[in-house]
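Okay, so here's the structure we're looking at.
Numbering (the working numbering), first residue to last: 84 to 349.
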């Protein structure tokens, strides 16, 4: 029996290691390419240098692209979380006529291929005379991301005990007080997770951005354009920076979530 358990544990660890290597090997290759002194990547790296990182940080063009990406991601996060929070309550908390149809329709954008959805929005913007820019990209990202965030928050709503709201009403609280003092604090872990999902999905989105940003550019668009023509080692450098930034955000979000759970338990 002990030998069986050891073999099972060894198989699990072996498979886990294999998956991690497959997932993170491209990221490691990109990081190595960004520290390669020569223009084109070759392995093994003959000479390491941080010059391309320095040029990336000092580039005015990249600075503008990063600011645009952050602006779009932040606005998408705020709008998506507000819509998805109340949408999740309608999705999972209340029983009303048309709820089943709503549950199907709210998830529909997830199943559309993003290039098709982006193209449809571009045609729609052109038809009504709206010039594409970072603002239209915010709208496009929101359409696709709101269903995802709604599902994330709905998971928290399903574990929500309605009796807590009813007790607050019995104690004389208004609907606004119940929302502020009871509902939102209990849903906060799901809201926080939804915020992280929304920001990272918008930050890394390429298909929708390609069709809807117009003259503005985001980080994924710039990386793609430079890979197609005019390659420079600043491409893997910026890609590595973006990946590390996303990883840092996830780590910070996990730590905040852990602190919130400890505080709730205390």
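By construction, the Cβ of each residue, glycine as well, lies at the ideal position given by its N, Cα and C atoms.
So the alpha helix (DSSP H) residue i belongs to, where does it begin and stop?
i, result
"residue 288", "No alpha helix (DSSP H) contains residue 288, which DSSP labels as neither H nor E."
"residue 155", "143 to 171"
"residue 222", "217 to 241"
"residue 252", "245 to 253"
"residue 260", "258 to 261"
By the three-class DSSP mapping on this structure, what secondary structure does residue i have?
i, result
"residue 107", "helix"
"residue 314", "coil"
"residue 123", "coil"
Using 10 angstroms around the beta-carbon of residue i, count the other beta-carbons present and answer buried if the total reaches 16, otherwise exposed.
i, result
"residue 294", "buried"
"residue 179", "exposed"
"residue 224", "buried"
"residue 144", "exposed"
"residue 341", "exposed"
"residue 147", "exposed"
"residue 310", "exposed"
"residue 299", "buried"
"residue 175", "buried"
"residue 94", "exposed"
"residue 155", "buried"
"residue 126", "exposed"
"residue 55", "With the chain covering only 84 through 349, there is no way to say anything about residue 55."
| task | Kindly provide the ranges of any alpha helix (DSSP H) runs that are 4 or more residues long and lie completely inside the region 173 to 204, ordered along the chain. | result | Runs of the alpha helix (DSSP H) inside the region 173 to 204: 182 to 190.
| task | Please confirm if the region 271 to 291 is in contact with the region 234 to 246, defined as three or more CB-CB distances below 8 Å between the two stretches. | result | Result yes; three or more Cβ-Cβ pairs closer than 8 Å.
| query | If you pair each beta-carbon of the region 322 to 329 with each one of the region 249 to 260, do three or more pairs fall below 8 Å? | reply | Contact fails: fewer than three Cβ-Cβ distances are below 8 Å.
| Any 3 or more C-beta pairs closer than 8 Å across the region 212 to 222 and the region 147 to 162 | The answer is yes - the region 147 to 162 touches the region 212 to 222, with three or more Cβ pairs under 8 Å.
| message | With three or more beta-carbon pairs closer than 8 Å as the criterion, would you say the region 162 to 181 touches the region 111 to 127? | response | No, the region 162 to 181 does not touch the region 111 to 127.
| query | Can we say the region 195 to 207 touches the region 279 to 296, given the rule of at least three CB pairs closer than 8 Å? | reply | As far as the Cβ criterion goes, the region 195 to 207 touches the region 279 to 296, which means the pair count is three or higher.
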